[in-house]
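Asks:
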Amino acid sequence: MLVRRSVLLAVVGVLAAAACRDVEQRDPAPVLALAAFDPGQYPDRLATIPFPNDLGLRGAPYAGPLRDAFLDVIDDGGWRESFATWAPFPGIAVPVWAQAFNAETGAYALSEPPTAIATDTFTADTVVLLRVSDDPPTRLPAAMIQLVRPTETSPSVYMLFRPLEGTTPLASIPAGRYVFALRGGRNGVHALFDDVRVPLEADRAIAVIAPNRDLDEPANRPPKPEGVTDAQFEAQMDQLEALRSVYALPFDWGRVDVLNTCVNGVPVPEALYPGRCWLPSPAAVTPAFAAVDQYFPIEEIASIQTFEVIPGDAAVREEVTP
Amino acid sequence: MKKLVLAAFLAPAVALANGYDVPNVNPRDLALAGSAVAAQVDAAAAYQNPAALSRVQGIDVNVAVSGLFLGTEWQGAGSLAGQSDKTKFSPVPPVSVFAAYGRELGGRPFGIGFGFNVPGGGNVFWEDGWEGRGRIITVDRKVYAAYLTAGYELIPNLRLGGGLVYYYGTEYLKQGIQPFPDAYGELSTRGGALSFDLAAEYTLPSIPLTIGADYKYQGKMNLEGDGKFVVPGGTLPGSPTPNIDQGVEHELTFPSVLNVGLAYRVNDPWLVTFGFTWNDYSVYKADVFEGDRGARIEVPRNYGDGYVFRVGAEYTLRENLKLRAGILRDQSGIDEDFASPTLPDSNAWAGSLGASWGFRQNLAVNAALFYANLDELEATGDAFPGSYDTSVWIVSAGVSWRTNLDGQ
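What follows is the structure in structure tokens.
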């Protein structure tokens, strides 16, 4: 009888094994390289949007302190002179930080940033600089001209890009609206940790908006992380949706008005940026996402930055702290 | 213990009403809508009512295969109003294989039987890019069961039975991770549990009425396996609790079930059967997946008990040809506040037809067709918004050999 039962169970086992799809675990990636949206130090970031990125600023109005595990990136307000500090115009800075897997805790934690960037991964398919105020947008060649090492106050490395003329970095850049984007992932730019190549990934804020799905719709939202209240999560989604919108929709507004004339403008929060506002743009231009999508899939964006160059002025006003 | 970022690595699903129960696909039982708990006539009694095994004489084999086709159509509501989708065509083939042997023991009829079938499972295959991919894409769950049971006629007209039941569950679940179009998590687990069966059958001496009952205790399966996250770049970037592949445990209880029934021989060609089923689905409060790297996913279910009312009739047209039909009403224990595309369950009406044809001595072919229409379910509470309209078709065919039992 026992033999008979064993045979039966064996048959059942074989059937079960044949019928159920297997899932095999993989070891977690030892280290991750992330193109920071907020160049501050994880987990205590400065809530500063790079570099230059006026759309990012526009899309992320001050919403009170939401510093938490999910999105300590676009909230606290107060952007510094990051552009002027790190990337004298017409340079563009992309901060890169890293997380390493800790087997003891089973989680990723801040780690040493990459030692270098695999320059052979800078190609026409991975680095895109576009003047989107042209119709159609004009592409300008760009290249990394410097890798700024981390400092005590800034644990990220910074890739500094400049537009090129031939092989020579431009000293100035024509007026207009610009979008700069780096491609991440397997087909994108790679960071180097000594000899180990690691694909550059988007920081969470960019990763969540890059698929360009309406985040007002709950079905499109990412899972709510542990420790985040429903109210916090709602606020985060509001921020991200506002951010997504400015990259996804045609620009219909202009630069910060330095003359403090907010006629028809959208006021920037008073506590954050007194006397400033965004002014309507005289003409709509190609949305940032749509422009980049002509060159690589936007869901593969690791870093995206936008800025405006004012005629006769080689400065990006939006990035200058008042 | 952390909660995994993946909110709803969901859970189970269907088959047909009442949680994830699958109807008995043995053609005779299916054709009678499962109402024949007091009218078992062959080796399939090893599952439906082992007490009836005491009426088997000699060797008896009953083998059947089936095709189960389940489809769910979703209509969005609220912010998803106007959207719709339906599950992919993905039939599954539950089987029913039983053998029995009967003889006298101590001067009283005795029979022993064994076999296996698929009493539970889920079969939900949504399109990869559907609106609810963040809740579920695929549920492929199967609960196999093997039986070793016996029946003995204790005194004239009173038969008792019972035995061992071994449940073995497998499941594969896939859930999209929004808003990333190519990101998903999946897990595969399996495991088993031993349980038991108790049964009885009593035929009234004065009228042709048989009363039957069968009780199967729950099987608490500890499923173990692996969970994996497929996210571009390997993890959700920047998250302090990124999705890391890990081992997964899931305790899945296949609920206790009590079937009671009546079989009444109205006249020579007509047999009428009645059945009532109680499913202890109140044990199904949540699906909890525990990862060995700190992840924990809990999907609330909050089921209550389920009940099924069944009626069937068998008509002997000729000595070697029997026609059958049945109908049932299933009252599911689902809580609509927790309704989910992972488990398109609801109350249901079902009807069935079938026949047996003895084409040789001691050899017959059996077939049945079963259709269940689940009531349209409106998801409420935090459930994925919309209505779910589900229907199930089952076709079953098989052979029975040396069926040599006394009739009703």
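In order, the protein sequences belong to chains A and B.
Numbers in my numbering are just positions in the first sequence, counted from 1, shifted up by 636.
With my numbering, letter number 105 in the second sequence gets 100, and the count goes up by one each step, no holes.
Think of the CB as a built atom: it goes at the ideal place given N, C-alpha and C, for glycine as much as any other residue.
Take A:P805 as the anchor and find which of A:P777, A:G812 and A:R785 has the nearest alpha-carbon.
Replies: Looking up residue 805 of chain A in the first sequence gives position 169. Per the Cα distances, A:P777.
Asks: Within the same chain, show all residues whose beta-carbon is closer than 6 Å to that of B:H276, passing over the 5 residues directly before and after it, in chain order.
Replies: Here residue 276 of chain B is taken as the residue at index 281 of the second sequence, counted from 1. The amino acid occupying residue 276 of chain B in the given sequence is Tyr; His does not appear at that position. Correct list, in chain order: G14, P250, Y298, D300, G301 and G328.
Asks: Please report the straight-line C-alpha distance between B:S201 and B:A38, rounded to a whole angstrom.
Replies: Counted from its first residue, the second sequence places residue 201 of chain B at position 206. Counted from its first residue, the second sequence places residue 38 of chain B at position 43. So the two alpha carbons sit approximately 27 Å from each other.
Asks: Can you tell me whether B:F191 is buried or exposed, with buried defined as 16 or more other CB within 10 angstroms of its CB?
Replies: On the second sequence, position 196 is the one that residue 191 of chain B refers to. So B:F191 ends up on the exposed side.
Asks: Is the beta carbon of A:G821 closer than 8 Å to that of A:P810?
Replies: The sequence position of residue 810 of chain A within the first sequence is 174, counting from 1. The sequence position of residue 821 of chain A within the first sequence is 185, counting from 1. It is not a contact, given that the beta carbons lie outside the stated cut-off.
Asks: Considering only the beta carbon of each residue, do B:Q173 and A:P858 sit closer than 8 Å?
Replies: If you number the second sequence from 1, residue 173 of chain B lands on position 178. If you number the first sequence from 1, residue 858 of chain A lands on position 222. Yes; because the gap between Cβ atoms is below 8 Å, this pair is in contact.
Asks: From the DSSP output, read off the bridge partner residues of B:T198.
Replies: In the second sequence, residue 198 of chain B corresponds to position 203, counting from 1. DSSP lists B:T205 as partners of B:T198.
Asks: In the structure shown, what three-state DSSP assignment does B:G328 receive?
Replies: By one-based count along the second sequence, residue 328 of chain B stands at place 333. B:G328: coil per DSSP, three-state reduction.
Asks: In whole angstroms, what separates the C-alpha of B:I107 from that of B:F333?
Replies: Numbered from 1 along the second sequence, position 112 holds the residue referred to as residue 107 of chain B. Numbered from 1 along the second sequence, position 338 holds the residue referred to as residue 333 of chain B. The alpha-carbon atoms of B:I107 and B:F333 are separated by roughly 43 Å.
Asks: Please report how far the alpha carbon of A:R775 lies from the alpha carbon of A:E935, in whole angstroms.
Replies: As a position in the first sequence, residue 775 of chain A is number 139, starting the count at 1. As a position in the first sequence, residue 935 of chain A is number 299, starting the count at 1. Each residue's Cα considered, the two are about 20 Å apart.
Asks: In chain order, what are the residue ranges of uninterrupted alpha helix (DSSP H) at least 4 long that sit wholly in the segment 853 to 880 of chain A?
Replies: List check, alpha helix (DSSP H) in window: nothing returned.
Asks: Hey, is B:I239's beta-carbon within less than 8 Å of any beta-carbon in chain A?
Replies: Translated into the one-based positions of the second sequence, residue 239 of chain B becomes position 244. Judged by the 8 Å Cβ criterion, B:I239 is in contact with chain A.
Asks: Does the beta carbon of B:E246 come closer than 8 Å to any beta carbon on chain A?
Replies: Against the second sequence, residue 246 of chain B aligns to sequence position 251. It does not; no Cβ of chain A falls within 8 Å.
Asks: Compute the Euclidean distance between the alpha carbons of B:T268 and B:Y161, then round it to the nearest angstrom.
Replies: The residue given as residue 268 of chain B occupies position 273 in the second sequence. The residue given as residue 161 of chain B occupies position 166 in the second sequence. Their Cα atoms are separated by approximately 28 Å.
Asks: Please confirm whether B:D80 has its beta-carbon closer than 8 Å to some beta-carbon of chain A.
Replies: Here residue 80 of chain B refers to the residue found at position 85 when the second sequence is read from its first residue. False, the Cβ-Cβ gap to chain A never drops below 8 Å.
Asks: Are there 16 or more other CB atoms within 10 angstroms of the CB of A:T803, so buried, or fewer, so exposed?
Replies: Looking up residue 803 of chain A in the first sequence gives position 167. Per the 10 Å Cβ criterion, exposed.
Asks: For the beta strand (DSSP E) that contains A:F758, what are its first and last residues?
Replies: Along the first sequence, read from residue 1 onward, the residue named residue 758 of chain A stands at position 122. Note, A:F758: premise wrong, no beta strand (DSSP E); not H, not E.
Asks: Looking at the C-beta of B:R288, does it have a partner C-beta in chain A at a distance below 8 Å?
Replies: Residue 288 of chain B sits at position 293 when you count from the first residue of the second sequence. Cβ-Cβ to chain A under 8 Å: yes for B:R288.
Asks: Cβ closer than 9 Å: which chain A residues qualify as neighbours of B:G222?
Replies: Counting from one through the second sequence, the residue named residue 222 of chain B turns up at place 227. Correct list: V659 and Q661.
Asks: In chain B, which residues lie with their C-beta within 7 Å of the C-beta of A:V844?
Replies: Against the first sequence, residue 844 of chain A aligns to sequence position 208. Those within 7 Å of A:V844 in chain B are P174.
Asks: Check the Cβ-Cβ distances between B:L75 and every residue of chain A, and say whether any is below 8 Å.
Replies: If you number the second sequence from 1, residue 75 of chain B lands on position 80. Closer than 8 Å to some Cβ of chain A, the Cβ of B:L75 qualifies, so yes.
Asks: List, in order along the chain, the chain B residues whose C-beta lies closer than 7 Å to that of A:G742?
Replies: If you number the first sequence from 1, residue 742 of chain A lands on position 106. Per Cβ cutoff of 7 Å: I239, R288 and G289.
Asks: DSSP three-state label for A:F943, please.
Replies: Locating residue 943 of chain A in the first sequence gives position 307, counting from the first residue. In this structure, A:F943 counts as strand in the three-state DSSP scheme.
Asks: Pair every Cβ in the segment 138 to 156 of chain B with every Cβ in the segment 97 to 115 of chain B, then say whether three or more of these pairs are closer than 8 Å.
Replies: Yes, the segment 138 to 156 of chain B is in contact with the segment 97 to 115 of chain B.
Asks: List the residues of chain A whose Cβ lies closer than 7 Å to the Cβ of B:S183, in chain order.
Replies: Here residue 183 of chain B corresponds to residue number 188 of the second sequence, with the count starting at 1. Result: C656, R657, D658 and V659.
Asks: Where DSSP assigns a beta bridge to B:T272, which residues make up the other side?
Replies: Residue mapping note: residue 272 of chain B aligns to position 277 of the second sequence, counting from 1. Note: B:T272 sits in a beta bridge opposite B:N254 and B:V303.
Asks: According to DSSP, which residues form a beta bridge with B:K211?
Replies: Translated into positions along the second sequence, residue 211 of chain B becomes position 216. Note: B:K211 sits in a beta bridge opposite B:D192 and B:V252.
Asks: So if I threshold CB-CB distances at 7 Å, which residues from the segment 102 to 134 of chain B count as touching chain A?
Replies: Listed by position, the residues of the segment 102 to 134 of chain B near chain A (Cβ gap below 7 Å) are F109, F111, E126, G127 and G129.
Asks: Alpha carbon to alpha carbon, how far is B:P45 from B:V92? Give it in angstroms, no decimals.
Replies: The sequence position of residue 92 of chain B within the second sequence is 97, counting from 1. The sequence position of residue 45 of chain B within the second sequence is 50, counting from 1. Cα to Cα, the separation comes out at about 15 Å.
Asks: Leaving aside the five residues before and after B:Y167 along the sequence, list all residues of the same chain whose C-beta is less than 6 Å from its C-beta, in chain order.
Replies: Reading the second sequence from its first residue, position 172 is the one you call residue 167 of chain B. Within the same chain, B:Y167 has close Cβ partners D135 and S183.
Asks: Under 8 Å between C-beta atoms, does A:A853 make it to chain B?
Replies: Counting from one through the first sequence, the residue named residue 853 of chain A turns up at place 217. Contrary to the premise, residue 853 of chain A reads as Glu rather than Ala in this sequence. Taking Cβ atoms only, chain B reaches closer than 8 Å to A:E853, which makes this a yes.
Asks: Just to confirm my understanding: we take B:L316, look at its own chain, exclude 5 residues before and 5 after, and list those with CB closer than 8 Å. What are they?
Replies: Translated into positions along the second sequence, residue 316 of chain B becomes position 321. Only A350, S351, W352 and G353 meet the Cβ criterion.
Asks: Look at the alpha carbon of A:D663 and the alpha carbon of A:Y744, and state the distance between them as a whole number of angstroms.
Replies: To locate residue 663 of chain A, count along the first sequence from 1; it is residue 27. To locate residue 744 of chain A, count along the first sequence from 1; it is residue 108. In a straight line, the C-alpha of A:D663 is about 13 Å away from that of A:Y744.
Asks: Pick helix, strand or coil for A:P697, following the three-state DSSP scheme.
Replies: The residue labelled residue 697 of chain A in the question sits at position 61 within the first sequence. Here A:P697 scores only 39 on pLDDT, less than 50, and its place in the model is too uncertain to base an answer on.
Asks: Within the chosen definition, does the segment 847 to 858 of chain A reach the segment 758 to 767 of chain A through at least 3 CB pairs nearer than 8 Å?
Replies: Contact fails: fewer than three Cβ-Cβ distances are below 8 Å.
Asks: How would you call B:I150, buried or exposed, if buried means at least 16 neighbouring beta carbons within 10 angstroms?
Replies: Counted from its first residue, the second sequence places residue 150 of chain B at position 155. By the 10 Å Cβ count, B:I150 comes out exposed.
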